[in-house]
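Visitor: Numbering (my numbering), first residue to last: 7 to 282.
Would you mind keeping the following structure in view while I ask a few things?
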């Protein structure tokens, strides 16, 4: 979910549908909106010579989309061996139960309520299906259950809503917390330094070829927003709606409800750190 329209200097690009790396292919869900950009990116990931594929975020409960994902897998001579969820928001996970019915594949997630027929996911887990290796990276902040998946063979990371291909993401208060989100961004940045990650395969928007640059942008953007909100409070804007109207005055009003979630998370962060 995004909470901002286009801003100067932010990652941007066109829509994506089809191959994005040697092992990852995107099928775009038809659920475009101000909150989902062009729609949800459902990712099919597999080793080039494997008969098994992993599907990440089957997306909304849209029968046509789910069958399109399956058809795309089968056209490559594969079947779905496993489904993974980056988090539980409906635009990523609502279709998971029906997808499991259609494919017979287990669904693994951090949240036990989202798991179907298999074990969960935790920090440090390595998922291996059909020779593919995906490393589980805990990235709470957007939501408490947010995960990313490091695809070392392609030097890529699948980020769900933690980093988007365009715009910035909501810290979905009260489930999302800003301190955790900042730690998660730093954790992802360390992958670009220590593990050579170059590419972001996001849950919405286009692929980002400069992972480190995108994450640095996010960190700077959050620092700037925090400073703006701190200044707004000092000037007498006290309630979240007042702060949103002041700080996000140049943002489409349709995005203000999402912006208010992030503002609430940022106000909580500032209070916890004795800054307001």
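From the three backbone atoms N, C-alpha and C, an ideal C-beta is built for every residue, glycine too.
Name, in chain order, the residues that DSSP records as bridge partners for residue 39.
Guide: Per DSSP, 43.
Visitor: Establish whether the CB of residue 68 and some CB of chain D are separated by less than 7 Å.
Guide: Checking the listed chains, one finds no chain D in this structure; it contains a single protein chain.
Visitor: Counting Cβ pairs, one atom from each stretch, are 3 or more of them under 8 Å apart for the segment 157-165 and the segment 115-125?
Guide: no
Visitor: When DSSP labels each residue in this structure, what does residue 98 get in the three-state scheme?
Guide: helix
Visitor: Cα separation between residue 90 and residue 262?
Guide: 30 Å
Visitor: Output the distance between the C-alpha atoms of residue 93 and residue 227, rounded to the nearest integer angstrom.
Guide: 23 Å
Visitor: Quick check on residue 212: buried or exposed, where buried means 16 or more other Cβ atoms within 10 Å of its Cβ?
Guide: Buried: at least 16 other Cβ atoms inside 10 Å.
Visitor: Taking the alpha helix (DSSP H) that residue 142 falls in, what are its first and last residues?
Guide: That residue, residue 142, is in no alpha helix (DSSP H); its beta strand (DSSP E) goes 138-144.
Visitor: Looking at the structure shown, is residue 67 part of a helix, part of a strand, or coil, going by DSSP?
Guide: coil
Visitor: Suppose you measure from the CA of residue 54 to the CA of residue 135; what does that come to, to the nearest Å?
Guide: 12 Å
Visitor: Could you work out which residue in 176, 126, 191 and 43 is closest to residue 88 when comparing CA atoms only?
Guide: In terms of Cα proximity to residue 88, the closest of 176, 126, 191 and 43 is 126.
Visitor: Just confirm the distance between the C-beta atoms of residue 102 and residue 84, as a whole number of angstroms; I'd bet it's less than 8 Å.
Guide: Actually they are not in contact, since the Cβ atoms of residue 102 and residue 84 sit about 19 Å apart, beyond 8 Å.
Visitor: May I ask you to verify whether the segment 213-226 touches the segment 176-183, counting CB pairs closer than 8 Å and requiring at least 3?
Guide: no
Visitor: Where residue 281 and residue 265 are concerned, what is the direct C-alpha to C-alpha distance, given to the nearest angstrom?
Guide: Spanning the two alpha carbons is a distance of roughly 20 Å.
Visitor: Taking just the CA atoms, how far does residue 216 sit from residue 99?
Guide: Taking the straight line from one Cα to the other gives about 27 Å.
Visitor: Please name the residue or residues paired with residue 208 in a DSSP beta bridge.
Guide: 166
Visitor: Consult DSSP for residue 252 and reduce its assignment to one of helix, strand or coil.
Guide: helix
Visitor: Nearest CA to the CA of residue 260: which residue from 104, 52, 39 and 31?
Guide: 39
Visitor: Counting only the same chain and skipping the five closest in sequence on each side, list residues whose C-beta sits under 6 Å from that of residue 141.
Guide: These residues qualify, in order along the chain: 132 and 156.
Visitor: With 16 other CB atoms within 10 Å as the buried threshold, where does residue 147 fall?
Guide: buried
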